[in-house]
Structure formats: C-alpha cells, structure tokens
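To get the working numbering, take the position in the first sequence, counting from 1, and add 6.
In this text, a Cβ means the ideal position worked out from N, Cα and C, and glycines have one as well.
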Amino acid sequence: MPEHILVAVAWPYANGPRHIGHVAGFGVPSDIFARYQRLRGNHVLMVSGTDEHGTPITIAADKEGLTPREVADRYNKVIGDDLYNLGLSYDTFTRTTTANHYRVTQDLFKTLYEHGYILRKETLGAFSASTGRTLPDRYIEGTCPICGYGEARGDQCDNCGNQLDPVDLINPRSKIDGSVPVFKETEHFFLDLPAFAEQLRAWIERQEHWRPNVRSFSLNFIKELKPRAITRDLEWGVPIPLPEYADRDDKKIYVWFDAVIGYLSASIEWAQNRGTPDAWREWWQNPAARHYYFMGKDNIVFHTVIWPAQLIGYGKGGVYGGAAVGSPYAAPLQLPYNVVSSEFLTMEGKKFSSSRGVVIYVNDFLSRYDPDPLRYFLTIAGPESQDTDFTWAEFVRRNNDELVATWGNLVNRTLTNVYRNFGSVPAPGSLTPGDTALIAAVEGGFATIGELLDAARFKAGLSEAMRLAALVNSYLSEQEPWKVIKSDRERAATIWYVALRCVASLRVIFTPFLPFSSQRLHEYLGYDGYIAGPLEFREYTEEHGQSHRVLTGDYTTWVGRWEPATLPVGQVLREPRPLFKKLDEQVVEEELARMGAG
RNA sequence: GUCGGGGUAGCUCAGCGGUAGAGCAAACGGCUCAUAAUCGUUAGGUCGCGGGUUCGAAUCCCGCCUCCGACACCA
Numbered sequence: 007m008p009e010h011i012l013v014a015v016a017w018p019y020a021n022g023p024r025h026i027g028h029v030a031g032f033g034v035p036s037d038i039f040a041r042y043q044r045l046r047g048n049h050v051l052m053v054s055g056t057d058e059h060g061t062p063i064t065i066a067a068d069k070e071g072l073t074p075r076e077v078a079d080r081y082n083k084v085i086g087d088d089l090y091n092l093g094l095s096y097d098t099f100t101r102t103t104t105a106n107h108y109r110v111t112q113d114l115f116k117t118l119y120e121h122g123y124i125l126r127k128e129t130l131g132a133f134s135a136s137t138g139r140t141l142p143d144r145y146i147e148g149t150c151p152i153c154g155y156g157e158a159r160g161d162q163c164d165n166c167g168n169q170l171d172p173v174d175l176i177n178p179r180s181k182i183d184g185s186v187p188v189f190k191e192t193e194h195f196f197l198d199l200p201a202f203a204e205q206l207r208a209w210i211e212r213q214e215h216w217r218p219n220v221r222s223f224s225l226n227f228i229k230e231l232k233p234r235a236i237t238r239d240l241e242w243g244v245p246i247p248l249p250e251y252a253d254r255d256d257k258k259i260y261v262w263f264d265a266v267i268g269y270l271s272a273s274i275e276w277a278q279n280r281g282t283p284d285a286w287r288e289w290w291q292n293p294a295a296r297h298y299y300f301m302g303k304d305n306i307v308f309h310t311v312i313w314p315a316q317l318i319g320y321g322k323g324g325v326y327g328g329a330a331v332g333s334p335y336a337a338p339l340q341l342p343y344n345v346v347s348s349e350f351l352t353m354e355g356k357k358f359s360s361s362r363g364v365v366i367y368v369n370d371f372l373s374r375y376d377p378d379p380l381r382y383f384l385t386i387a388g389p390e391s392q393d394t395d396f397t398w399a400e401f402v403r404r405n406n407d408e409l410v411a412t413w414g415n416l417v418n419r420t421l422t423n424v425y426r427n428f429g430s431v432p433a434p435g436s437l438t439p440g441d442t443a444l445i446a447a448v449e450g451g452f453a454t455i456g457e458l459l460d461a462a463r464f465k466a467g468l469s470e471a472m473r474l475a476a477l478v479n480s481y482l483s484e485q486e487p488w489k490v491i492k493s494d495r496e497r498a499a500t501i502w503y504v505a506l507r508c509v510a511s512l513r514v515i516f517t518p519f520l521p522f523s524s525q526r527l528h529e530y531l532g533y534d535g536y537i538a539g540p541l542e543f544r545e546y547t548e549e550h551g552q553s554h555r556v557l558t559g560d561y562t563t564w565v566g567r568w569e570p571a572t573l574p575v576g577q578v579l580r581e582p583r584p585l586f587k588k589l590d591e592q593v594v595e596e597e598l599a600r601m602g603a604g
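In structure tokens:
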C-alpha cells in the first residue's frame, strides 16, 4: 500500500549563490530519497524554497546598493536554476516572501501566542548609530574585557574563546561601518521552549531510528532549554501579527522562526497551485504519513527541537490545525519522522569560504561539467556521516576510474554489441546456472539497495549498485561473447541478453542517483516515456498581484518501477552513445589555477 | 572554556566487541567487445598515543595529543 512521504529539504539562504557543499548536504541526498520513494510507488511531496529574510540579506543589499527584495529576487533565481540543473525533483520549490508564507507564518505566531507559548520580554539590544538598525552581536567588535584582545566579536572572543555580551566590550564598534553602537531597551517575543521540554524529551527518546549523532545531540540540547527570541529589530521579515505592531516597521519575526514554517506553507502552496487546496492534509494531518527532513549538521536543533515545539504548541489550533470540511484528516500536524543531517564538505582540505576564494559554486561547476558526475561524487564521497574533502584530482579520478570505467563502460560495451549484432533485444537460448545466478544477484539489488535508501544510507546504496555493475563486467570477461559469436550465435545471444537484462534493471537502480544518464539509457534500451524526465518552472500570481516562480514537475507520469526490469525480446534499441565523458587530467590543474586566481 | 564528532593501507573512506575492509594508486598476469575501457592475482596497516574493562577491543571506559563543528540573535 502506497505511503505518504514528505521530503522536507533545508531552505537555502538567498544572500548569494550556493556552493557544492550546500547541495551535498541537503540537495542531492534528499533528491535520491524522493526519487527512490516515487519509484516505489509512494506518494511523495518534496518541498523547499529560498529563505529570504534576515540580517545577512539586508547587509548584502546595502553592499550591492539594492533593496532586500531585489537581493532575494536575484538569488532566488540563481539558486532555483542551480537546483533545476542538478535535477532536484521538488514538487514545490518556492520562497519565503510569498503572501501564502506570510499568512501561514502569522497564523502560527498568532496561535502560539494565544496558546501562551510566546512570551514578551524587554532586552538590551545594540543598534547602529548611523543607520538605526539592529546590530547582531557578531557584527560588533571591540576589545575583549577578559583578555584584552583588540578584535573580539560581540558574541565571543576568538582569542580567549570566552562568550561575551556586546555591552561589555571595550570600545565597541560596528563591523559594518565602524560606528559606535547604541544600546537600548527593546521588547522581544520569546518562544517558551521550556514548556515543551518534557514532551520533546519523551518524543526524541522514542526516535530510535534517527542517526545516533542527531538523537544524542538533540537530547543533550534540550537539557538546558531557555525561551528563545523569535523577533528581531529589523525591517525585513514577516510582520508581527498583533494589533500594536500593525503599523510598525522596525520589528519583525526572526528568520529562523519563519523559515521552518516554510515546510508547511510550501505544502499548502503546492496543494493550492494544483487546484486541490486540502491535499496537503494527506501529508500533514495523516498519522500514517512519514516526514523526512534533510539538512546540514548546523541545522539539527531547528528541526529536532524548535520546529517540533512550534508544531506541538500549534496543536489543533489556528487556521490549519483543525479539520477541513469533508476531509478525513483531523489529526494534529505531523512531527518529523526522521531528521537526516549531513556533515560538511571541505574543499582541497579547507573549509569553504567565499571571501577567501575557497569555493566552487554550483552554477560555475555545471557550466563546465555534467550534473550526474557531480551527483555521483557528492554521493559516493559526500559528507554523509563525517566531514569529507572535495578535491579536483579526486573528482576526476572518481569520474574516470569509477563512473566511466565501471558503469559507463558496462552500458556502452553491452549496448554497442547488441545494437550492432542484433539491433533489438535478442532471444535467449536456455540459461546456464551462471546466467541465472548473475541475474539473481543483480535483481537482488532492489531489496538490498532499497533497504539502504530507506535508511538514508546513500553512500552504501550507490557502492552496492557499483558492485553489481562490476559483477556484470566480470561476467562478460568470463563469458567472452565476442568470441563465442563466431562459433555459436545462439549462445552469444543468450550472454548478451543476460547482460542487457542486468543493465535494464541497473538502469532503474541508478535512476535516483544519476537521473540524467538513466533517462538516456532508458531511451537507448528502447523504452518510451520518462523514467526521470525534465523538471519545469511555473509562474504563480498571488492575490496582491505579485508573482513568483516555482520549480516543480509532473512526476506522477514517470514510468519507472523499483522492481526487476521486464525486457521484451525483440524490443528495438536506439543508437547508443556513451553515457559519461572521460575528463582530461589537465582539468585538475586548470581548476586549481582558476581557484587560485579567483 | 563547555558540549559533540573525527584521527583505520600511499590517497579517499567503510567497519564500531569475536581471526583488519572497499575503491583508487603499486606489482604481475589474462582479454581486446567496449570511452587505452575491462577481468584476475599479489602486495600493503603495531586501526593517533598511553592506561583500563573483557576469555577477546579499531570497536566499551579513562587520560593525553591533534583536527573539525555547535555553543541563541552567523540560515
């Protein structure tokens, strides 16, 4: 029976282009998972969007002489294009500046406030004397009151490591323009996390299927919960939905509070856009639905503690918590089923840093290389369970010696031989025990690799798929059908049939990992339709007349099934071409020189 | 500083209580259908250091060295 699976992907922040470390953490793993679940026949809803509020966007806007909205527009487009070009199959990739998102965010805020889970408190905040804007602690520097270090930050001294309060800095100044900050009392709203501590602890303890680091980190985190500020003195954000703040433009909901709500608001938008406004409830109010969240390790507590607290506190309240007329679903909004966090990717041994030129942007990468080799590398050598290193030498090697040599070559030698000698799927004679053993081994991959993907073990899944491909190469070397065909055409036809049938099944197995090349293989083998087709952008206009672009696709028409391929004898093959390109070793030096120059 | 995660073959990584693994690189051999691709064999590690628990530890515990993260207004 098909299940409802929500694939909730971290929202990339729209203050600049994203680098390959970002998509390694949230993008590629979530897409492998979603594509696999669709092949299984499950009802997948994969949502995300660009995260467009917060101080870093306003700072980027000041720097570039633009409005925050213009910055968000620019990078929403860049990031959306990147995800499209990588083949990340979102059902809805939207943005946090839609009217829909504002509406949902304000409903959650208002409902939590009415339920008593949002507290008001006066705090001392730092403001820039020149612009009047809030200065986040980390944008203030001065002399450390403890060790005397001259360039301590407002939140922490990098010299002695002590946590600081910006009020205590000697000679504080703004890191942005050098002016002396002004400190004044300001009211803020706090999410009462301690109120949820016991429920959260009990809930997290039950999640034994979570990765151990995610679970223990979260349990540790909730030992010392304090109310957490969810508003900021900032003009760029979702307005606070209380009458006394209706006319004020200096205080907004904090970006983190609204960004996680995006998972819900994007689901609602998806349902609205396809003309079935209540369809999102099949995922959010269906107790049997499972929600998987994908993100980098820096985001864990937002998804295991803060967002669940928001959902628990919202309960069955508000506009979206209750039952819809005629809907069979009335349960409270679903909590995460699994929170899959990745570690970090480093670059030639160093931490990514755009300011220091240690960076490879997705769009730059894809302007010179194909998406599947990048997806391959980020899966087989990605930061799934620990930090891993990207080097150009390793990328070229993985591409040439693994992807091209093992899988690409198996496909190419099989298709080329069959196409040339038979033109269509040859009729096999009787199969030997060796033939059936190979077929059984490859087809067993649907069970073993399926289990690995269900458990979000993508690296192990892809390794196993590669092992199966190598098995078929080994079979061909042993059987030598190119020799056999000279004396026994029927036996040669049988060998090629066996190899081709294995390739046809591997085509399905590789689809979640390598959708672009799998689609081409699908066509070469003579199949019709999409096993992994194109994505599309659609433009939607909201009630206030503003429109925005959504990345989506018509995935229900795709034809793949996560099961051994049927390969009809006589199916006519299309002329094959190599699936992947071998890269020249020179690429390594060129890319390193490019990075040095940038 | 506090908390957490790493340190395993030349390289990149898996294993996480029961005789040390994979891929690549290296050496040798086979094949020549295939993008000079492939297949087989061999070699290669006192599993960061020092203690401890255990019949038995890379795997659990303690200490140390080292690298990397998180630590509320950095998404």
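#1: What are the boundary residues of the alpha helix (DSSP H) that H528 is part of?
#2: Considering only C-alpha positions, which residue in the set N369, F99, L141 is nearest to E542?
#3: When DSSP builds the beta bridges, which residues end up paired with M52?
#4: Can you tell me the Cβ-Cβ gap for L199 and P233, rounded? I've got them flagged as a contact below 8 Å.
#5: In the DSSP assignment, find the unbroken alpha helix (DSSP H) run with Y369 in it and report its ends.
#6: Taking contact to mean at least 3 C-beta pairs separated by less than 8 Å, is the region 392-399 in contact with the region 104-114?
#7: Report back the beta-carbon spacing between L385 and I124 to the nearest angstrom; my notes put them in contact at under 8 Å.
#8: Do V15 and S54 have their CB atoms nearer than 7 Å?
#9: First and last residue of the beta strand (DSSP E) that includes S347?
#10: Please determine if the region 438-449 and the region 457-477 are in contact, where contact requires at least 3 C-beta pairs separated by less than 8 Å.
#11: Taking Cβ to Cβ, would you say A433 is nearer than 7 Å to V575?
#12: What are the complete beta strand (DSSP E) segments, minimum 3 residues, inside the region 117-151?
#13: Residue range of the beta strand (DSSP E) that N177 falls in?
#14: Does the Cβ of D1 have 16 or more other Cβ atoms within 10 Å, making it buried, or fewer, making it exposed?
#15: For a test of the three-state rule: what should DSSP assign to G604, helix, strand or coil?
#16: Identify, in the order they occur along the chain, each residue of the same chain with its Cβ nearer than 6 Å to the Cβ of T192, setting aside the five sequence neighbours on each side.
#17: By DSSP's criteria, V364 is part of a beta bridge. Which residues make up the other side?
#18: Please classify Q552 as buried or exposed, where buried requires at least 16 other C-beta atoms within 10 Å of its C-beta.
#19: Hey, quick one: how far does the beta strand (DSSP E) through K492 stretch, first residue to last?
#20: Quick one, which of N406, P18, R126 has its alpha-carbon nearest L589's?
#21: Looking at Y533 and R44, is the spacing between their C-beta atoms short of 7 Å?
#22: So, helix, strand or coil for L444, using DSSP?
#23: Between D88, W262, P35, which lies nearest to Y367 when the distance is taken from Cα to Cα?
#24: Quick check on the DSSP output: the alpha helix (DSSP H) that includes K190 runs from which residue to which?
#25: Anyone know if the C-beta pair for H121 and G324 falls short of 7 Å?
#26: Would you mind listing the alpha helix (DSSP H) stretches within the region 274-344 that are 4+ residues and don't spill past its ends, in chain order?
#27: Could you give the C-beta distance for T61 and P18, rounded to a whole number, given that I count them as a contact under 8 Å?
#28: Consult DSSP for A29 and reduce its assignment to one of helix, strand or coil.
#29: Hey, how far is the Cα of T64 from the Cα of L317?
#30: Kindly indicate which three-state DSSP category V431 falls into: helix, strand or coil?
#31: Could you tell me the alpha carbon to alpha carbon distance between R513 and H528, rounded to whole angstroms?
#32: For E591, count the other beta carbons within 10 Å of its own beta carbon; 16 or more makes it buried, fewer makes it exposed. Which is it?
#33: Could you pull out every residue in the same chain whose Cβ sits closer than 7 Å to the Cβ of F464, ignoring the five residues on either side in sequence?
#34: Do you know offhand how far T102's Cα is from Y326's?
#35: Does the beta-carbon distance from F452 to W568 come in below 7 Å?
#36: Among G160, G243, R526, A336, which one has its Cα closest to the Cα of A105?
Working from what's here:
#1: One-based indexing of the first sequence puts residue 528 at position 522. In the DSSP assignment, H528 falls within the alpha helix (DSSP H) that extends over 521-530.
#2: Counted from its first residue, the first sequence places residue 542 at position 536. With distances taken between Cα atoms, E542 lies closest to F99.
#3: Within the first sequence, numbered from 1, the residue matching residue 52 stands at position 46. Paired residues: V13.
#4: Within the first sequence, residue 199 is the residue found at index 193, counting from 1. Within the first sequence, residue 233 is the residue found at index 227, counting from 1. Between L199 and P233, the beta carbon gap of about 6 Å places them in contact (Cβ cut-off 8 Å).
#5: One-based indexing of the first sequence puts residue 369 at position 363. The sequence shown places Asn at residue 369, rather than the Tyr named in the question. Residue range 368-374 is occupied by the alpha helix (DSSP H) that includes N369.
#6: The region 392-399 is not in contact with the region 104-114.
#7: Start at 1 with the first residue of the first sequence, and residue 385 comes out as number 379. Start at 1 with the first residue of the first sequence, and residue 124 comes out as number 118. Strictly speaking, residue 385 in this sequence is Thr, with Leu absent from that position. Actually they do not touch by this definition, with Cβ atoms about 41 Å apart.
#8: For this step, residue 15 is matched to residue 9 along the first sequence. For this step, residue 54 is matched to residue 48 along the first sequence. Yes, the Cβ-Cβ distance between V15 and S54 is below 7 Å.
#9: In the first sequence, the residue the question calls residue 347 occupies position 341. Boundaries of the beta strand (DSSP E) harbouring S347: 344-348, taken from the DSSP string.
#10: Proximity of the region 438-449 to the region 457-477 meets the contact definition, three or more beta-carbon pairs being nearer than 8 Å.
#11: Indexing the first sequence from 1 puts residue 433 at position 427. Indexing the first sequence from 1 puts residue 575 at position 569. Yes, they are a contact pair.
#12: Qualifying beta strand (DSSP E) stretches, in chain order: 124-133, 146-149.
#13: By one-based count along the first sequence, residue 177 stands at place 171. Segment 176-180, the beta strand (DSSP E) holding N177.
#14: Not covered by the structure: residue 1. The range shown for the chain is 7 to 604.
#15: Reading the first sequence from its first residue, position 598 is the one you call residue 604. Per-residue confidence for G604 stands at a pLDDT of 49, beneath the threshold of 50, marking its modelled position as unreliable; no derived number is given.
#16: Counting from one through the first sequence, the residue named residue 192 turns up at place 186. Result list for T192: G131, D239, in chain order.
#17: Translated into the one-based positions of the first sequence, residue 364 becomes position 358. Note: V364 sits in a beta bridge opposite S359.
#18: Indexing the first sequence from 1 puts residue 552 at position 546. With fewer than 16 neighbouring CB atoms inside 10 Å of its own CB, Q552 falls in the exposed class.
#19: Walking along the first sequence from the start, residue 492 turns up at place 486. Counting along the chain, no beta strand (DSSP E) covers K492, and no H or E run does either.
#20: Counting from 1 along the first sequence, the entry for residue 589 is found at position 583. Cα-wise, what sits closest to L589 is N406.
#21: In the first sequence, the residue the question calls residue 44 occupies position 38. In the first sequence, the residue the question calls residue 533 occupies position 527. If you check the CB distance, R44 and Y533 do not come in under 7 Å.
#22: Position 438 of the first sequence, counting from 1, holds the residue named residue 444. Correct three-state label for L444: helix.
#23: Numbered from its first residue, the first sequence carries residue 367 at position 361. When D88, W262, P35 are compared, the shortest CA-CA separation from Y367 is found for D88.
#24: Here residue 190 is taken as the residue at index 184 of the first sequence, counted from 1. Boundaries for K190: no alpha helix (DSSP H) harbours it, while the beta strand (DSSP E) harbouring it runs 188-197, taken from the DSSP string.
#25: What you label residue 121 is simply residue 115 of the first sequence in a count that begins at 1. What you label residue 324 is simply residue 318 of the first sequence in a count that begins at 1. At least 7 Å separates the beta-carbon of H121 from that of G324.
#26: Runs of the alpha helix (DSSP H) inside the region 274-344: 287-290, 313-320, 324-327.
#27: As a working mapping, residue 61 is identified with position 55 in the first sequence. As a working mapping, residue 18 is identified with position 12 in the first sequence. Distance from T61 to P18 at the Cβ level is roughly 17 Å; contact not present, criterion being Cβ atoms closer than 8 Å.
#28: Counting from 1 along the first sequence, the entry for residue 29 is found at position 23. Ala is not the amino acid found at residue 29; the sequence shown has Val there. The answer is helix: DSSP assigns V29 an H, G or I state.
#29: For the purposes of this step, residue 64 is identified with residue 58 of the first sequence, where counting begins at 1. For the purposes of this step, residue 317 is identified with residue 311 of the first sequence, where counting begins at 1. Near 29 Å, if we compare the C-alpha coordinates of L317 and T64.
#30: For this step, residue 431 is matched to residue 425 along the first sequence. Reduced to three states, the DSSP call for V431 is coil.
#31: Within the first sequence, the letter at position 507 stands for residue 513. Within the first sequence, the letter at position 522 stands for residue 528. The straight-line gap from Cα to Cα measures roughly 7 Å.
#32: Numbered from 1 along the first sequence, position 585 holds the residue referred to as residue 591. Exposed is the call here.
#33: If you number the first sequence from 1, residue 464 lands on position 458. Cβ contact annotation for F464 (same chain, cutoff 7 Å, sequence separation greater than five): P35, I38, T385, E390, in chain order.
#34: As a first step, residue 102 must be located in the first sequence, where it is residue number 96. As a first step, residue 326 must be located in the first sequence, where it is residue number 320. So the two alpha carbons sit approximately 18 Å from each other.
#35: As a working mapping, residue 452 is identified with position 446 in the first sequence. As a working mapping, residue 568 is identified with position 562 in the first sequence. Going by C-beta atoms, F452 is nearer than 7 Å to W568.
#36: Within the first sequence, numbered from 1, the residue matching residue 105 stands at position 99. Minimum Cα distance to A105 is reached at G243.
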